[in-house]
Amino acid sequence: QFETDMKRLADPATGTETAEALISRLPASVWLAYSVHGNEISPTDAAMMTAYHLLAAQEDPVVDQILAETIVWLTPVQNPDGRERFLFAFDQTLGLEPDTDRQSAQHDEPWPGGRTNHYLFDLNRDWLALTQPETRGHVAALRRWLPLVFVDLHEMGPDSTYYFAPEAVPYNPHLASDQRANLALFGRNNARWFDRFGIHYFTREVFDAFYPGYGASWPAYFGAVAMTYEQASVGGLAIRRRNGTTLTYADSVRNHFVTSVSTAQATAIHREKLLRDFRRYQLSAVAEGERGIREYLISSAGDASAADKLAGVLTQQGVKVRRAVEPFSACGEDYPVGSYAVSLAQPAKRLIRTLLDPQVNMDPGFLEEQERRRSKDLRDQIYDVTSWSLPLMYNVTTRSCQRAVKGSFEPAGPEWVRPGTLENAGASVAYLAPWGSRAAVRLLAAALRDGIRVRGSDQPFTQSGTRYPAGTLIMPVAGNPVDLGARLATMARRSGASVIGVSDSWVDEGPNFGSGNVTDLPAPRVALAWDEPTRSYSAGAARFVIERQFGYPVTPIRSDRLPRADLSGYDVLILPETYAPYGGGLNEALEEWVRDGGTVIALGNALDAVTQGKKPLLPLSREYDHRSPLPAGGNGNEENLSPVPGTMLTDDRAYQAAIAAPEQSPDFVPGVLLSAQVESEHWLAAGVAPTLNVLLRGNRIYAPLRRDQGTTVARFGDPDSLLVSGYLWQENREQLAYKPFVVTSRVGRGLVIGFTADPNVRAYLDGLNVLFMNAVLRSAGHSARLR
Numbered sequence: 001q002f003e004t005d006m007k008r009l010a011d012p013a014t015g016t017e018t019a020e021a022l023i024s025r026l027p028a029s030v031w032l033a034y035s036v037h038g039n040e041i042s043p044t045d046a047a048m049m050t051a052y053h054l055l056a057a058q059e060d061p062v063v064d065q066i067l068a069e070t071i072v073w074l075t076p077v078q079n080p081d082g083r084e085r086f087l088f089a090f091d092q093t094l095g096l097e098p099d100t101d102r103q104s105a106q107h108d109e110p111w112p113g114g115r116t117n118h119y120l121f122d123l124n125r126d127w128l129a130l131t132q133p134e135t136r137g138h139v140a141a142l143r144r145w146l147p148l149v150f151v152d153l154h155e156m157g158p159d160s161t162y163y164f165a166p167e168a169v170p171y172n173p174h175l176a177s178d179q180r181a182n183l184a185l186f187g188r189n190n191a192r193w194f195d196r197f198g199i200h201y202f203t204r205e206v207f208d209a210f211y212p213g214y215g216a217s218w219p220a221y222f223g224a225v226a227m228t229y230e231q232a233s234v235g236g237l238a239i240r241r242r243n244g245t246t247l248t249y250a251d252s253v254r255n256h257f258v259t260s261v262s263t264a265q266a267t268a269i270h271r272e273k274l275l276r277d278f279r280r281y282q283l284s285a286v287a288e289g290e291r292g293i294r295e296y297l298i299s300s301a302g303d304a305s306a307a308d309k310l311a312g313v314l315t316q317q318g319v320k321v322r323r324a325v326e327p328f329s330a331c332g333e334d335y336p337v338g339s340y341a342v343s344l345a346q347p348a349k350r351l352i353r354t355l356l357d358p359q360v361n362m363d364p365g366f367l368e369e370q371e372r373r374r375s376k377d378l379r380d381q382i383y384d385v386t387s388w389s390l391p392l393m394y395n396v397t398t399r400s401c402q403r404a405v406k407g408s409f410e411p412a413g414p415e416w417v418r419p420g421t422l423e424n425a426g427a428s429v430a431y432l433a434p435w436g437s438r439a440a441v442r443l444l445a446a447a448l449r450d451g452i453r454v455r456g457s458d459q460p461f462t463q464s465g466t467r468y469p470a471g472t473l474i475m476p477v478a479g480n481p482v483d484l485g486a487r488l489a490t491m492a493r494r495s496g497a498s499v500i501g502v503s504d505s506w507v508d509e510g511p512n513f514g515s516g517n518v519t520d521l522p523a524p525r526v527a528l529a530w531d532e533p534t535r536s537y538s539a540g541a542a543r544f545v546i547e548r549q550f551g552y553p554v555t556p557i558r559s560d561r562l563p564r565a566d567l568s569g570y571d572v573l574i575l576p577e578t579y580a581p582y583g584g585g586l587n588e589a590l591e592e593w594v595r596d597g598g599t600v601i602a603l604g605n606a607l608d609a610v611t612q613g614k615k616p617l618l619p620l621s622r623e624y625d626h627r628s629p630l631p632a633g634g635n636g637n638e639e640n641l642s643p644v645p646g647t648m649l650t651d652d653r654a655y656q657a658a659i660a661a662p663e664q665s666p667d668f669v670p671g672v673l674l675s676a677q678v679e680s681e682h683w684l685a686a687g688v689a690p691t692l693n694v695l696l697r698g699n700r701i702y703a704p705l706r707r708d709q710g711t712t713v714a715r716f717g718d719p720d721s722l723l724v725s726g727y728l729w730q731e732n733r734e735q736l737a738y739k740p741f742v743v744t745s746r747v748g749r750g751l752v753i754g755f756t757a758d759p760n761v762r763a764y765l766d767g768l769n770v771l772f773m774n775a776v777l778r779s780a781g782h783s784a785r786l787r
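Per my numbering, the very first residue in the sequence shown carries number 1; after that it's consecutive.
1) Terminal residues of the continuous beta strand (DSSP E) containing Gln677?
2) Taking DSSP as the reference, what is the three-state secondary structure of Glu639?
3) Starting from the C-beta of Met491, find all residues in its chain whose C-beta is less than 6 Å away, skip the five residues before and the five after it, and write them out in chain order.
4) In the structure shown, what three-state DSSP assignment does Ile66 receive?
5) When the Cβ atoms of the region 56-71 are set against those of the region 187-204, are three or more pairs found closer than 8 Å?
6) Given a cut-off of 8 Å on the beta-carbon distance, is the pair Leu9 and Val72 in contact?
7) What is the rounded straight-line gap between the Cα of Thr756 and the Cα of Leu684?
8) Use the C-beta contact count for Leu692: other C-beta atoms within 10 angstroms, 16 or more gives buried, fewer gives exposed.
9) Using three-state DSSP, classify Ala632 as helix, strand or coil.
10) Can you tell me whether Arg196 is buried or exposed? The criterion is at least 16 other CB atoms within 10 Å of its CB, across all chains shown.
11) Decide yes or no for the touch test of the region 460-478 against the region 536-548: beta carbon pairs closer than 8 Å, at least 3 of them.
12) When the Cα atoms are used, what is the spatial distance from Ser343 to Pro391?
13) What residues in its chain sit with their C-beta under 6 Å from that of Ser788, if we drop five residues either side in the sequence?
14) Going straight from the alpha carbon of Tyr431 to that of Val742, what length do you get?
15) So, is Arg373 buried or exposed, given that buried needs 16 or more other C-beta atoms within 10 angstroms?
16) Closer than 7 Å by C-beta to Glu638: which residues in its own chain qualify, once you throw out the five before and the five after it? Chain order, please.
17) Tell me which same chain residues have a C-beta within less than 7 Å of the C-beta of Pro166, skipping the five on either side of it?
18) Strictly by DSSP, which residues pair up with Pro219?
19) Using the Cα positions of Pro434 and Thr263, report the straight-line distance between them to the nearest angstrom.
20) Ser725 and Pro219 - do their beta-carbons sit closer together than 8 Å?
21) Arg125 and Gly38: beta carbons closer than 8 Å?
22) If you pair each beta-carbon of the region 703-721 with each one of the region 668-688, do three or more pairs fall below 8 Å?
23) Look up Val499 in the DSSP assignment and say whether it is helix, strand or coil.
24) Below 8 Å on the Cβ atoms is my contact criterion, and I expect Pro533 with Pro481 to pass it. Report the Cβ-Cβ distance as a whole number of Å.
25) Can you tell me whether His154 is helix, strand or coil according to DSSP?
26) What residue does the alpha helix (DSSP H) around Glu227 start on, and which one ends it?
27) Per DSSP, Gln463 is paired with what?
28) Assuming contact is defined by CB atoms lying nearer than 8 Å, are His107 and Gly244 in contact in what I supplied?
29) Which ranges does the beta strand (DSSP E) cover as unbroken runs of at least 3 residues, wholly within the region 682-728, from first to last along the chain?
30) Decide if Asn361 is buried, meaning its Cβ has at least 16 other Cβ atoms within 10 Å, or exposed.
31) Expressed to the nearest angstrom, what Euclidean distance is found between the alpha-carbon atoms of Tyr171 and Gly365?
32) Here's the rule: buried if 16 or more other CB atoms are within 10 angstroms of the residue's CB, otherwise exposed. What is Trp789?
33) Given a cut-off of 8 Å on the beta-carbon distance, is the pair Ser252 and Ser104 in contact?
34) Near Asp5, which residues of its chain fall below 7 Å by C-beta distance, leaving aside the five closest residues on each side in sequence?
35) Please return the same chain residues whose Cβ sits closer than 7 Å to the Cβ of Glu326, not counting the five positions on each side in sequence.
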């Protein structure tokens, strides 16, 4: 009955009288979610302590009020894989007694640590993209029960105290005003209990409410009050802090227990207000959606499979989406069958804007403060990325329309892959699959795993009046299994790809099937650097994209073995980003293998492994900040403290130049989406859109690669068009313009491919998938490796 009543309360069509009756009788609801990071272990035990207390306490007025006025949900552990990994490592190091020294192995987790899930994802960044099954399950449960209050309970550094709401600025501008105001209701109640027990805390610092992909953010967009709580971590049973005190595991569990009960108490106290605010959220969202932008339109032109996934992701998050069953026109544009329309006149309006808007602005005062801090070389206060627009990351064309769209539509479902088709079954010559979509990549991966002989055209061609793009797959009947058509029909249905059978090999324009511009695509054997010093997020995301999004196997090889590993059984080696240089002379060790026909794909700062050393495999150079002064000569030696020539500083600009460090790196960019232009005639760019959106984080900028040194397949745009979404420092914008994003160079019979920014961040940059998978699945067909 509660589930039904909450959905009636959330339904704008429910009349005022009925809604008031529901508010008068419904309990409030609070959802307490613990340990989304597996090595943050105290929240899970606090969950069990909270459950026991609520069930076992007798004659406790606080518990009596909670049970009388609320329903409390507990998710004791959101990340069982990470927790088990942490506990296994801790148990291996446990000695006679708890060791408080943070240098102890008890407090030093081995790679990759317990923070992440099986594929090494930070589940607390996944709520907007839903790439991981844990997140999808949690979202489905929340949508079913619609709790009024959601709390994500975490741990932070051991030298901190305890953090609870209100959050730090900036706030996401799509949050409702009463959601922000209600944060203080819970903060004040937590503070009252902490004062009673003498527990230190802080609020309004560090942890902001801007990025919508946190567990403590996403529930706000169906109308809940969402918060994060952070307890100083022990990382074991006890730890010595820098102030000389000892923090125990019991302390950390107690503190989370106190806020858990306190939050449930505040929910009970403010039951009617929270229910009424929840109802108002739904009604005001619809009212806002009926003004200004009325519809978002998602075009299926281009990569229709990406549009399908975007619609599915929205639907899984509770957004009502309509799919066109006939072509339609709206706001001066024509849309093909399979395009989507999203009305903003629905309760999910704020979530729609948050996920689909190309830009979500931070408060101008906050940005002004960040610029001031940067001018003084102080660290900025931006907690996460400043851009996350799903259409931009998927490279899907969307338009906003200020009037309701008319046409023939059906409700969109939650599926991410719509069945593909095979035309002209029983073809006698070949089957063709147009390239350029995620669906086509899935088809290629499945065909290669099934042992099907596949060829790929590096150039577009026209056959029987149909134009096929560069990269199109050609699966000849000759030399393939006799049931090729039936196999491809099954693969098309599962992958979402389109396959066309042809019984005539004549090509009207472009290369014939037997041309030198049509290459065999053997099934590559793919290896991935794993373990220290790779960044676990980068390694996990690369493996996840290849294995789980496209269904192709990867062999992880521990990084310290690579310099002496026998790689003769592999065609492709992927080097993920690192937190320290790959050691053991990896560059030199890989040279012979690459010259023999292997392909190295280096992501982000892993470029160091192929661009440095005595004989770099890729002659790509990293730039200093363009404002860096030339290194001082003569007395520039730091060991020489002799007087230096005098200078006259006439203004602040001269002063800033005088104190600037020579050869300094550009300023760190928290995370923005930048445009990149693609060289369409290169095989790596086959089927890739002319313009891509790249998520850039960090401060690495690379100098252009000379034509005699290699090929730049994609480069960043000009200064005016470079920034697509987010907030980018002006100096970085100017220096990044026209600089390389993807480069490649031939070394002997092999290839080196470099991505200056990781294309797999959080597995939500779907618009870069075809480019990355070209490197993974098609490079073996373009090296001269002997088989």
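Virtual Cβ for every residue (Gly too), placed ideally from N, Cα, C.
The structure displayed is predicted, hence computed values, not measured ones.
Inspection of the coordinates gives the following:
1) Val669 to Val678
2) Caution applies to Glu639, whose pLDDT of 47 falls short of 50 and renders its modelled position unreliable; the value that the coordinates give is listed next. Of the three classes helix, strand and coil, the one that applies to Glu639 here is coil, per DSSP.
3) Leu443 and Ala446
4) helix
5) no
6) Leu9 places its beta carbon 8 Å or farther from that of Val72.
7) 15 Å
8) buried
9) Here Ala632 scores only 47 on pLDDT, less than 50, and its place in the model should not be relied on; the value that follows carries that caveat. If DSSP states are grouped into helix, strand and coil, Ala632 belongs with coil.
10) By the 10 Å Cβ count, Arg196 comes out exposed.
11) With contact defined as three or more Cβ pairs closer than 8 Å, the region 460-478 and the region 536-548 are not in contact.
12) Rounded to whole angstroms, Ser343 to Pro391 spans 16 Å at the Cα level.
13) Residue numbering for the chain in the displayed model covers 1 to 787; residue 788 lies beyond these limits and cannot be assessed.
14) 31 Å
15) Answer is exposed; the Cβ neighbour count stays below 16.
16) Here the model assigns Glu638 a pLDDT of 45, short of 50, so the residue's position is not dependable and the matter cannot be decided.
17) Leu183, Ala184, Gly187, Thr203 and Arg204
18) None; Pro219 has no bridge partner.
19) 55 Å
20) no
21) Taking 8 Å as the Cβ cut-off, Arg125 and Gly38 do not qualify as a contacting pair.
22) yes
23) strand
24) So it is not a contact: roughly 44 Å between Cβ atoms.
25) strand
26) First, the residue type needs correcting, since residue 227 is Met and not Glu in the sequence shown. First-last for Met227: Val225 to Ala232, but that is the beta strand (DSSP E), not the alpha helix (DSSP H).
27) Thr466
28) no
29) 691-698, 711-716 and 723-725
30) exposed
31) 12 Å
32) Since the first residue of the chain shown is 1 and the last is 787, residue 789 is not available in this structure.
33) No, these two residues do not count as a Cβ contact at 8 Å.
34) Leu22 and Leu26
35) Val337, Gly407 and Ser408
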